[in-house]
Structures are given as structure tokens and as C-alpha cells.
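S.K.: Line order of the protein sequences matches chains A and B. When we follow the working numbering, the leftmost residue of the first sequence carries the number 8, and every step to the right adds one. When we follow the working numbering, the leftmost residue of the second sequence carries the number 6, and every step to the right adds one. The structure is given below, and queries will be raised subsequently.
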Amino acid sequence: MKKLALALLWFAALPLVACGGGPSAPTPSTGLPADAAAVAQERGLTADDIYAAVKTYTPSGKTDPYIMLASGGQSGQMLVIGVPSMRILKEIAVFTPEPWQGYGFGGSSDAVLAGGKVNGKDVLWGDTHHPSISETAGSYDGQFAFINDKANARVAVIDLRDFSTKQILKNPNAINDHGGAFVTPNTEYVIEGPQYAAPMSWAYAPLDQYKDKYIGLVTLWKFDRLKGRLDPANSFQIELPPYWQDLCDAGKGPSDGWFFCNSFNTELATGGVELGNPPFEAGTTKNDTDYLHIINWKKAEEDFKAGKGEKINGMAVLRLKTAIEDGILYFTPEAKSPHGSDVTPGGEYIVVGGKLDPHVTIYSFQKIQDTIKAGGLSKDQYGVPVLPLDKTMESQVELGLGPLHTVFDDKGYAYTSLFLDSAVARWTLGGPYASKHPEPGWKLVQKLPVQYNIGHITAVEGDTATPGGQFVVALNKWSIDRFANVGPLLPQNFQLVDIGKTGDQMKVLYDMPIGMAEPHYAQIIKVDRLKPFEVYPQVGWNAETMSVDPKATLKQEDAKVVRNGKEVEVFMTVIRSHYAPERVQVKKGDHVVWHLTSLERTRDATHGFALSGYNINLSLEPGKTETIEFTADQAGTYTYYCTEFCSALHLEMMGYFLVEP
Amino acid sequence: MKSLKSLFTLDPDVKVLLPDGSTHNLADYLLPSALLMIGALLLMISMFLPYWSMTLKAPQYPKGLKVEIYVNHLQGDMREIDELNHYLGMPELDKGGQLERSISYYAIIVFGLLLIAGVFVHNQWAAIIALPILAYPLVFLADLFYILYQYGHSIDPKSALGGAIKPFTPPLLGEGKVGQFGTVANFEIGFYLVLGAIGVILIGLWFHRAAYKPLADARKRVRTAQAAA
């Protein structure tokens, strides 16, 4: 009886199994279709090429599972790239005016750009280096991104609800930076590390006073998540010796509360090749080791809150003496000319690559703490305690020539860019990671050639507490012969690398030319962590305040021109395919304040607003309100029109701006 | 029908005594009242559900544009449809049927009250009272057709494309075409609830008649007997 029941169950289950696959189940592939095989043969594609194509090809209408935010290098912008398709989705204007987004051409973004003035002077470009997505508990939360401008020591805040720049801050006491932007695990602070030493607030001092007058200066910008802005009043700086600090990374997990920056001029070289001195390139590489800076930011924060900072240009600065006395700053030797200082996902180790040393050095945070506790430390020339290398080092792994920067995956592997070898090294982490991969810990597994001269490297959430695996992107500085020749200024080459399989099976999948600047670092986030607006939440939305603008015009009937003496205020609505009003008449010399509100609610129904002769162009995404202000100082007949092809009657979307003499 | 009645047979020994001394099951009287009340309830529920919808499809609207008609309001992509319609010089969707929408709740409440009255009116007038309700879906459709006709025949010749299209009436049900848009019109759950309510009310009236006809007859017999005496 029992057997019969079982047999019946079997029969009952069969149709379920048979139907389980459903129509969407992929049919097992028995090879390429004949026409595709013919194309592959004609184009000389290998089996590897076909694998790469299938791995990266994103069919029309499908979207990418990952988004890469890449530094825009000298363009001063940030790139948004889909991974694995490697399609550029957007360029976010940050430090440089950009007309498509209406960034810096009359709208509210003018004020954002003005925040980046240096000594009151407009600086309308930037050298963006390291994007940093805001984090919660050490993982990207997809809310904000930060990026630094190395050339002028500035930091920008990008709101990832609308992928636009909300704030630029000029560092009041530094003139260049490099170790930024890096966030602490809950984005309490955005770290802006220095680079080339200069006197405090870049005051003048001759170079023979380098040792005494020149300083390094790391800034901790307090981030106000609710306002979506950095808060200078609650930010502070820590003075460092003039050692040319480089990249930084914040600790997490056990190392939360600390951050780590390396340095490369402990020689205090001051250059002067024209005077017969060794040039910087030689002067800064004389010593075998430089110093990894180990900084206790929680302690520094306590000191800052206790008022121990010295106010300089409105910013509290913890002097070097305080940093030493209060146990904020420690050094440990690192191989000379290092670049990356990268904390492992669990926060146990710090990995440092020395460009001129074939190893990566792995420091143990626990050993660092034990050594600090043990005391009896020697001091460097500025009095900073130095932890001996043999006491702080966990391991060293020989990878090859020019190790720069390291990222991590979900299988306990680390990936280090090798600049001189032009390769990506995959190697194994030891300790708690040893059980995640088949190989023993602290061993080189594979070196994959990349084309050419890789600088930074990035992996899916590869610098967070929760790396995603799957893909690495090699951010190559040279492309040489990888693309059709477009003249002597060549694109950079972002190379997508498949890291989905263990062992020595990494593969280059795709070359993506970047033909607008030389980017530095990039971060890759899972798309579902991002929650951007489809359209602005309400009509009349001011993208700067992220709320409805009191000057918005919510209905076309309310559009009007109000004159008050020589002040003319225009309340304009914008919708397919007309502006209201379509005639604006003023007198020469009038001061014009012009509010524009898009009444659109449909995704992608964006309008532009270009006003001839006045250097004005706006982007009015659905629901957005913008305000422009100018003096009508030239009499004449001007036109304004929509610069986004919005509809079949787009060309008719215009108006006349008449300035009476 | 028997089983339907048995639902209301609380106790077969509880009987209704008619004037002539004959007895009927209590269920015979409870059932029609309950059905009329269920009809009223379904009508009430329909106020909160869409009656009709139109979906517009065009290449640049991958999700389509949909507007749902409730008895007292419209819901969906009216803003974008209006935006497109302004090129044709068509009136805003919200302009249509304003009077009907403003009185719809009251009308349905009146329907409910009529049905309650029906429970207490124990003669043919009960059916007469229910007549407006039976006519309700037909009136709704006729009015909707009129509104659609008005939309398609109120084209402003001064609008961008007003001169280029002929007056038209979007279909009440099924597919049509306006410009680059394919349209699909459908009845929605609210309308089907109304039809269901009418079905229930008709059955209720049938049982109503079945219950109260014997009562009226019994009264007649008693009166005839009294007159004879």
C-alpha cells in the first residue's frame, strides 16, 4: 500500500517536473548557429573571443548589472559606465562647465562651481582622481559619491539620486591633494589626503626652508548625510611631515577608526635639477623605504571636539605635535615609492604596493596595535613613533614589477596592478581568507598581461567589506596599438577582465577606449544599490536644495513677467513644445531674474533653454526648476530655444527676448 | 436554488406563519433581502474600482500610457495623454464627465437606499424601485460614448495638428488608432462588479416575488373570506 502511494506520488510529480522548465529555460547550446559561425570565421575570432563576446555582449534593450563610476582625469568630470557592456552612460559634470547638463551656464550649478574658486579666482577644470561612493557598514550604499581634484585640493559631492554635483569645497589650507576621496565605513568623514608638501595655506616660503615650513596635511571632511553636503564647520585637519603622502584607505571592522596613507618623499627632496641637484624622480627614491602613515581618526576626532585644533582659515588643524603626543600618528616602513594602501574586506590587513619593489607588503592591523601597546618605539626626524617593519608585517608576496594598487573579490583573492609588467596579478590572501580559495595563502596565482601600463585597478565592490567578484577592470594608461590610430594623443584603455573562475583562469574580455582624459581610479557598484529618480519627484523641484523651489511656476496660467523698477522677474513654464511666455521684453540695463519650470512628468522628456548671446544654456529635466540671473546689457533681438530634441515640434519651441535700447 | 436557500435555513422548525394559517420557511424571506443587500454591497465596492480603461501604445512609450475611469475620478497617465492631446487641440481628459463624476457617489448611495427600500416593499413596486439600478450600466456606457465622442469632436482647429485630423470617436471597447498611438479600450473590474450586482439583484427580485406573492395571495384569501363572512 505504501509502495503504491509512493508510485502514485512519482506519477503525480512527473508532469510537474516536465513543466518545470517552462518556455524561458535556455536550450542547451550545441554550438554557434551557422551564420554566426561564418561571421566568426570571417572575422578570425577564436574560441576565447567568442567566450568574451558572449560574456560582455548586452543585447539591445538589456541593461547592465553593474555601474562603474570612473574618475574623469583632467576633464574634471566623472564617468558613468555600464559593466560588463562597457558603455558610457553619462559624464557627470563636476569641476568643469558642461553645456549638456547646463552645468556652469547660468543655472544653480554656477554657485556649485563658485565653491571651487581658489583665492577668488575661477578654476574651471579639475584633475579628478579617486571617486568614492558613500558607504554604510563598509559597503556602498549608493547614495552619494565624492571625488577630489588633485590640481587644486578640492572635493566634490555628487548626489546619486540625480547623478549631479551638489557641492565643491576648496581646501582652505592645501593647494593640491591626492589621497582623496576616501570615505570612512559609515561615511562619517571623507578623507582628503595630501600630496606635494607646501607651507600651511600655501603661503610663500623658499625651498631651503622645506624641512621646517613645508607640511603635509590630511583633511577629514565631515559629511552631513541628511543635507547631502560636506560640513566645513565640523571638519578638521591633521598636520603631517612633508613626506608627500599618497593614497589612503579607511580601516573597517577591527580597524575601524583608523586610516592608512603611504608616502614617498621621506628624503625631503626639493628638486632643482637645473641647479645640479638630483631631480625629484631620483631625490625621492634614494631611501629604500618610505613610511606608511597609521592614523587614529577617532582619537583625532576626540581632540578636535575637545578644541585642541588650531583655527587656520576657519578650519581646525591638529598640529603635528598634538598628533604625536596624543597617539594619533604612527609610521611603519614601506617599500619606497608606494602607491596603493588598501585595506582587506574584513579590515584585518593593509596591502601596500611599492612601485619599485616587486612585492606587495601585507601589514596586520592586530600586530600594529600590539606594537603600539608594547611601546619603546624609535622616532623619526619629526618625532613620529616608527613601528619596526618586522613587527607589523604579516607577509610579503612577490608579484612582479611595479605593483601599484590592490582590490579584492569574494573568493579571497587579491588583484594588484603591475605597472611595469603591464599585468594584473591575482594572488591569495591568507589568514581568515585562506579557506575561500583552493590555493595556499599569500601566493601569486596568475599574472594576466593587460594592454598597456595599468595604473589603478578596480573590481566589483572590490574595496568594500562585501566584494562582489565577477569582474576586474584594468585602468590602463597606454593603449598604443589597441585602437585605430586617431593621432598622437591616444585614448586610455579600460580593460574588462573576467575573474569569475578560480585559479589561473582570468581572461581579458574587452577593450574600452576612453578618449576624453586620463582617468585614475574607478569604483563598480551593483546597480540595485542605486535608487536614482526617474523624473524629479515633484514639479518645481530645485535640484540644488532637493525640494520644491518657492519661485517655481506650477501651472502655465501662472507664467508671467513682473517688473519692479529695473528688476524684471520672469516666471516661465516649459512643456512640449512651448515656453510660456514666448515673448520677453526688457529695457537695456534691466536686471533679469528668470525662473524656468519644466511641467513635464514623463521620463526623458527633457528640455533645454539656450539664450543666444548671453552664454546661457540649461538642462530642464522633467519637474526641474532653474533660475538664471543677468543684466540685459546689450540691446537687440535675441532668441531662446530648446536645445534638447523634445518632440516633433521641437524646432518650434522658441521665444523672442527683446532688449529695447 | 435549494442549496442557496438552505444557507439561510437557520432552523427548519422556525417558520413564517402567513395570515391564512399556512407556513413558509424563514429562508424564503431572508434570501431575497440578503441578495438585494449583496447587490447593494457590490455597487458600493465598485465605487472604489475602475470601470473602464484605455491604454495607448506607441514606440516611445514602452510601458504604454493608461488611463482608468472610476465613477468619480480618473487615474493614470492623464498628464502625459493631455500633453500629447494638446497638439491635436483635444480637451483635457479631466474636463469630460465632470457633472457625472460629481454626482456619482450620491447616485450609488441612492441605489443602495433603493435596494434597502426594496427589502421593505413587499409588492411589485420592489422591481420598479430597482429599475434605475438595472439601467445604470447602460447609462454609464451611453455617457462614456458621449464623452468619447465629445473628445474626438472638440478638436481646436488652432492647435498644432488640429487641422490635420478628422473628428473621430475612440472605441468604447477594443482596439483603435489615433496618430502614432494604438488604443485598447477595456471594461475593468468595477464595471463587471456592477453587472454582477445586477445579476444578484435580479435573482433577489425573483426570490422576493416568490416569497411575497404567496403572502399577498394569502392576504387576498383572508380578505375574501372575511368579506364573504
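Beta carbons: idealized from backbone N, C-alpha and C, even for Gly.
Closer than 7 angstroms by C-beta to Tyr-217 of chain A: which residues in its own chain qualify, once you throw out the five before and the five after it? Chain order, please.
M.R.: Within the first sequence, the letter at position 210 stands for residue 217 of chain A. So the qualifying residues of the chain are Pro-249, Leu-275, Thr-277.
S.K.: Is there a C-beta anywhere in chain A that falls below 8 angstroms from the one on Arg-106 of chain B?
M.R.: Position 101 of the second sequence, counted from the first residue, corresponds to residue 106 of chain B. Closer than 8 angstroms: no.
S.K.: Enumerate in chain order the residues of its own chain whose CB-to-CB distance from Ile-222 of chain A is below 8 angstroms, with the five nearest sequence positions on each side excluded.
M.R.: Walking along the first sequence from the start, residue 222 of chain A turns up at place 215. Closer than 8 angstroms at the Cβ level, and outside the excluded window around Ile-222 of chain A, lie Ala-204, Ala-205, Pro-206, Met-207, Glu-246, Leu-247, Pro-248, Pro-249, Leu-327.
S.K.: Compile a chain-ordered list of the residues in the region 88-106 of chain B whose CB is closer than 9 angstroms to at least one CB of chain A.
M.R.: Those would be Glu-88, Leu-89, His-91, Tyr-92, in chain order.
S.K.: Say whether chain B places a C-beta atom closer than 8 angstroms to the C-beta of Thr-609 of chain A.
M.R.: For the purposes of this step, residue 609 of chain A is taken as the residue at position 602 of the first sequence. Interface residue, yes.
S.K.: At a Cβ cut of 7 angstroms, what residues of the region 577-605 of chain A count as close to chain B, listed as they run along the chain?
M.R.: Ile-582, Arg-583
S.K.: How many Å lie between Phe-578 of chain A and Ala-430 of chain A at the Cα?
M.R.: By 1-based counting over the first sequence, the position of residue 578 of chain A is 571. By 1-based counting over the first sequence, the position of residue 430 of chain A is 423. Approximately 58 angstroms between the Cα atoms of the pair.
S.K.: Using three-state DSSP, classify Asn-483 of chain A as helix, strand or coil.
M.R.: For this step, residue 483 of chain A is matched to residue 476 along the first sequence. The answer is strand: DSSP assigns Asn-483 of chain A an E or B state.
S.K.: Measure the alpha-carbon distance for Phe-186 of chain B versus Leu-61 of chain B and round it to whole angstroms.
M.R.: Sequence index remark: in the second sequence, residue 186 of chain B carries index 181 (1-based). Sequence index remark: in the second sequence, residue 61 of chain B carries index 56 (1-based). Near 6 angstroms, if we compare the C-alpha coordinates of Leu-61 of chain B and Phe-186 of chain B.
S.K.: Provide the residue span of the beta strand (DSSP E) that contains Pro-410 of chain A, from first to last.
M.R.: In the first sequence, counting from the first residue as 1, residue 410 of chain A sits at position 403. It spans 410-415 - the beta strand (DSSP E) in which Pro-410 of chain A sits, taken as one unbroken run.
S.K.: By the criterion of Cβ-Cβ separation under 9 angstroms, what are the contact partners of Glu-85 of chain B in chain A?
M.R.: In the second sequence, residue 85 of chain B corresponds to position 80, counting from 1. Near Glu-85 of chain B (Cβ distances below 9 angstroms), the residues of chain A are Glu-607, Arg-608, Thr-609, Ala-612.
S.K.: Name the chain B residues that come within less than 7 angstroms of Leu-436 of chain A, Cβ to Cβ?
M.R.: In the first sequence, residue 436 of chain A corresponds to position 429, counting from 1. Listed along the chain, the chain B residues whose CB falls inside 7 angstroms of the CB of Leu-436 of chain A amount to none; the nearest CB is some 45 angstroms away.
S.K.: Could you give the DSSP three-state label for Arg-236 of chain A: helix, strand or coil?
M.R.: Working through the first sequence from its first residue, we reach residue 236 of chain A at position 229. In the structure shown, Arg-236 of chain A sits in a strand (DSSP, three-state: E or B).
S.K.: Answer yes or no: does any C-beta atom of chain A fall closer than 8 angstroms to that of Ala-165 of chain B?
M.R.: Mapped onto the second sequence, residue 165 of chain B falls at position 160. Judged by the 8 angstroms Cβ criterion, Ala-165 of chain B is in contact with chain A.
S.K.: So, do the region 637-647 of chain A and the region 119-130 of chain A have three or more beta carbon pairs nearer to each other than 8 angstroms?
M.R.: With a cut-off of 8 angstroms, the region 119-130 of chain A and the region 637-647 of chain A do not count as touching, because too few Cβ pairs lie within range.
S.K.: Whose C-beta lies closer than 8 angstroms to the C-beta of Leu-23 of chain A among residues of the same chain, with five residues either side of it excluded?
M.R.: Taking the first residue of the first sequence as position 1, residue 23 of chain A is located at position 16. Because Leu-23 of chain A carries a pLDDT of 39, less than 50, the predicted location of this residue cannot be relied on, and the following value inherits that uncertainty. For Leu-23 of chain A, where only same-chain residues beyond five positions count, there are no Cβ hits under 8 angstroms.
S.K.: List the whole-angstrom C-beta distance separating Asn-483 of chain A from Asn-460 of chain A, where the pair is believed to meet the contact cut-off of C-beta under 8 angstroms.
M.R.: For this step, residue 483 of chain A is matched to residue 476 along the first sequence. For this step, residue 460 of chain A is matched to residue 453 along the first sequence. So it is a contact: roughly 6 angstroms between Cβ atoms.
S.K.: Quick one: which residues of the region 656-667 of chain A get their C-beta closer than 9 angstroms to a C-beta of chain B? List them in chain order.
M.R.: Leu-656, Glu-659
S.K.: How far does the alpha helix (DSSP H) with Trp-265 of chain A in it reach, from first residue to last?
M.R.: The sequence position of residue 265 of chain A within the first sequence is 258, counting from 1. That residue, Trp-265 of chain A, is in no alpha helix (DSSP H); its beta strand (DSSP E) goes 265-270.
S.K.: Hey, out of A:Arg-608, A:Lys-312, A:Lys-443, A:Gly-321, whose CA is closest to Leu-89 of chain B's CA?
M.R.: To locate residue 89 of chain B, count along the second sequence from 1; it is residue 84. Ranking A:Arg-608, A:Lys-312, A:Lys-443, A:Gly-321 by Cα distance to Leu-89 of chain B puts A:Arg-608 first.
S.K.: To the nearest angstrom, report how far apart Gly-438 of chain A and Gly-353 of chain A are at their CA atoms.
M.R.: If you number the first sequence from 1, residue 438 of chain A lands on position 431. If you number the first sequence from 1, residue 353 of chain A lands on position 346. Inter-residue distance for Gly-438 of chain A and Gly-353 of chain A is about 11 angstroms (C-alpha atoms, whole angstroms).
S.K.: Under three-state DSSP, which class holds Asp-310 of chain A?
M.R.: Mapped onto the first sequence, residue 310 of chain A falls at position 303. If DSSP states are grouped into helix, strand and coil, Asp-310 of chain A belongs with the helices.
S.K.: If I'm right that Lys-454 of chain A touches Lys-418 of chain A with Cβ under 8 angstroms, what's the distance once you round it to whole angstroms?
M.R.: In the first sequence, the residue the question calls residue 454 of chain A occupies position 447. In the first sequence, the residue the question calls residue 418 of chain A occupies position 411. Their Cβ separation, rounded to whole angstroms, is 18 angstroms, which puts Lys-454 of chain A and Lys-418 of chain A out of contact at 8 angstroms.
S.K.: For Gln-185 of chain B, which three-state DSSP category applies?
M.R.: If you number the second sequence from 1, residue 185 of chain B lands on position 180. For Gln-185 of chain B, the three-state secondary structure derived from DSSP is coil.
S.K.: Thinking C-alpha only, which one of A:Gln-458, A:Pro-445, A:Met-519 is nearest Ser-424 of chain A?
M.R.: Along the first sequence, one-based indexing puts residue 424 of chain A at 417. The shortest C-alpha separation from Ser-424 of chain A is found at A:Gln-458.
S.K.: Quick one: grab the DSSP three-state call for Lys-443 of chain A.
M.R.: One-based indexing of the first sequence puts residue 443 of chain A at position 436. Lys-443 of chain A: helix per DSSP, three-state reduction.
S.K.: DSSP puts Gln-458 of chain A in a beta bridge; with which residues?
M.R.: In the first sequence, the residue the question calls residue 458 of chain A occupies position 451. Answer is none; Gln-458 of chain A lacks a bridge partner.
S.K.: Under the DSSP definition of a beta bridge, which residues are partnered with Asn-624 of chain A?
M.R.: Taking the first residue of the first sequence as position 1, residue 624 of chain A is located at position 617. DSSP output for Asn-624 of chain A lists A:Ala-617 as bridge partner(s).
S.K.: Whole angstroms is fine: what's the gap from Gly-109 of chain A's alpha carbon to Arg-610 of chain A's?
M.R.: Along the first sequence, one-based indexing puts residue 109 of chain A at 102. Along the first sequence, one-based indexing puts residue 610 of chain A at 603. Rounded to the nearest angstrom, the gap between the Cα atoms of Gly-109 of chain A and Arg-610 of chain A is 18 angstroms.
S.K.: Which whole runs of the beta strand (DSSP E) in the region 632-658 of chain A are 3 residues long or more, in chain order?
M.R.: 632-638, 643-648
S.K.: Evaluate contact between the region 384-398 of chain A and the region 324-344 of chain A, counting only Cβ atoms and requiring at least three cross-stretch pairs below 8 angstroms.
M.R.: Output reads yes: the region 324-344 of chain A touches the region 384-398 of chain A.
S.K.: List the residues that DSSP assigns as beta-bridge partners of Asn-500 of chain A.
M.R.: By one-based count along the first sequence, residue 500 of chain A stands at place 493. Paired residues: A:Asn-483, A:Pro-520.
S.K.: Pick helix, strand or coil for Arg-1 of chain A, following the three-state DSSP scheme.
M.R.: Absent from the model: residue 1 of chain A. The displayed extent of chain A is 8 to 668, so no value can be given.
S.K.: I need the straight-line Cα distance from Thr-143 of chain A to Asp-166 of chain A, nearest angstrom please.
M.R.: Numbered from its first residue, the first sequence carries residue 143 of chain A at position 136. Numbered from its first residue, the first sequence carries residue 166 of chain A at position 159. A direct Cα-Cα distance of roughly 16 angstroms separates Thr-143 of chain A from Asp-166 of chain A.
S.K.: Where DSSP assigns a beta bridge to Val-225 of chain A, which residues make up the other side?
M.R.: Residue numbering aside, residue 225 of chain A sits at position 218 when the first sequence is read from its first letter. Per DSSP, A:Ile-245.
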